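Peer 1: Shown below is the structure under consideration.
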Amino acid sequence: MTSTHATRPELFTRLAELGIETTTVEHPAVFTVGESDALERDLPGGHTKNLLLKDAKGKLFLVVAEAHASIDLKSLHKILDCARLSFAKPELLLATLGVQPGSVTALAVINDCAGLVDVIIDQTLMNYDLINCHPLENTATTAIARDDLLRFIRATDHEPRIVALPVRNTEMNTAHPAPADQGTAH
Numbered sequence: 055m056t057s058t059h060a061t062r063p064e065l066f067t068r069l070a071e072l073g074i075e076t077t078t079v080e081h082p083a084v085f086t087v088g089e090s091d092a093l094e095r096d097l098p099g100g101h102t103k104n105l106l107l108k109d110a111k112g113k114l115f116l117v118v119a120e121a122h123a124s125i126d127l128k129s130l131h132k133i134l135d136c137a138r139l140s141f142a143k144p145e146l147l148l149a150t151l152g153v154q155p156g157s158v159t160a161l162a163v164i165n166d167c168a169g170l171v172d173v174i175i176d177q178t179l180m181n182y183d184l185i186n187c188h189p190l191e192n193t194a195t196t197a198i199a200r201d202d203l204l205r206f207i208r209a210t211d212h213e214p215r216i217v218a219l220p221v222r223n224t225e226m227n228t229a230h231p232a233p234a235d236q237g238t239a240h
């Protein structure tokens, strides 16, 4: 199957067509939340981790969570009213969202023209004025206004579902909200 996915410049063109302003910072490739921790100090707003999950019936979910959220994947399926969830394989990630592991982002819905993916956004992220995500590549981070991100997702014919994600009961479950002067809204 051959398909064409949007490139980073094409993504920025689409954002501009929608009148959405962004700020992008280049950096070395990051593959994990831990690797991106140093960037967070210099970039105001909420930071994300993104998971492409597949349920037992083949339904796909792009979960966009606060970077340090400790999501209880075993109970998430109950909130989403779907079968049990597992991580999508890299081949499916590339075919559906046009990105490699480490570059998963809410902005990748630009490549889901078939509408196969449900977009699930962590309610915690709605507390930030700015949300930081990769622009289809993990060598940069793009800051986008919260409302503009939602508008962009809707412009790709996806209706984002904002939910309170279940968290694992663990001592490691501590979110790192940005200080008030770092882009938080509430």
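Residue 60 in my numbering sits at position 6 of the sequence shown, with consecutive numbering throughout. Heads up, the beta-carbon is just placed ideally off N, CA and C, and yes, glycines get one too. Source: prediction; values computed, not measured.
#1: With DSSP collapsed to three states, give me the class of E80.
#2: Quick one: any contact between the stretch 183-199 and the stretch 157-164, if contact means 3 or more CB pairs under 8 Å?
#3: By alpha-carbon positions, which one of D96, V79, F115, A218 ends up nearest to D176?
#4: Could you tell me the alpha carbon to alpha carbon distance between G152 and D166, rounded to whole angstroms?
#5: Give the DSSP bridge partners of R215, in chain order.
#6: Which residues in the same chain have their Cβ closer than 6 Å to the Cβ of D172, if we skip the five residues on either side of it in sequence?
#7: Select from T193, D126, D109 the residue whose C-alpha is nearest the C-alpha of P82.
#8: Output the boundary residues of the alpha helix (DSSP H) element that contains A209.
#9: Cα-Cα, which of V79, A110, E120 is closest to L134?
#10: Hey, would you say K113 sits closer than 8 Å to A142, going by beta carbons?
#11: DSSP has D109 in a bridge; who is on the other side?
#12: Provide the residue(s) that pair with G100 in DSSP beta bridges, ordered along the chain.
#13: Taking only the alpha-carbon atoms, compute the straight-line gap between E64 and V84 and give it to the nearest angstrom.
#14: Thinking just about the alpha-carbon of each residue, which of E120, A121, L148, F66 is nearest to the one in T58?
#15: Taking its Cβ as the centre, do 16 or more other Cβ atoms sit within 10 Å of E71, making it buried, or is it exposed?
#16: Alpha carbon to alpha carbon, what distance is there between L204 and T210?
#17: Identify, in the order they occur along the chain, each residue of the same chain with its Cβ nearer than 7 Å to the Cβ of L170, setting aside the five sequence neighbours on each side.
Peer 2: By the coordinates alone:
#1: strand
#2: yes
#3: A218
#4: 8 Å
#5: I174
#6: F115
#7: T193
#8: 200-209
#9: A110
#10: no
#11: L139
#12: I185
#13: 22 Å
#14: L148
#15: exposed
#16: 10 Å
#17: L114, T150
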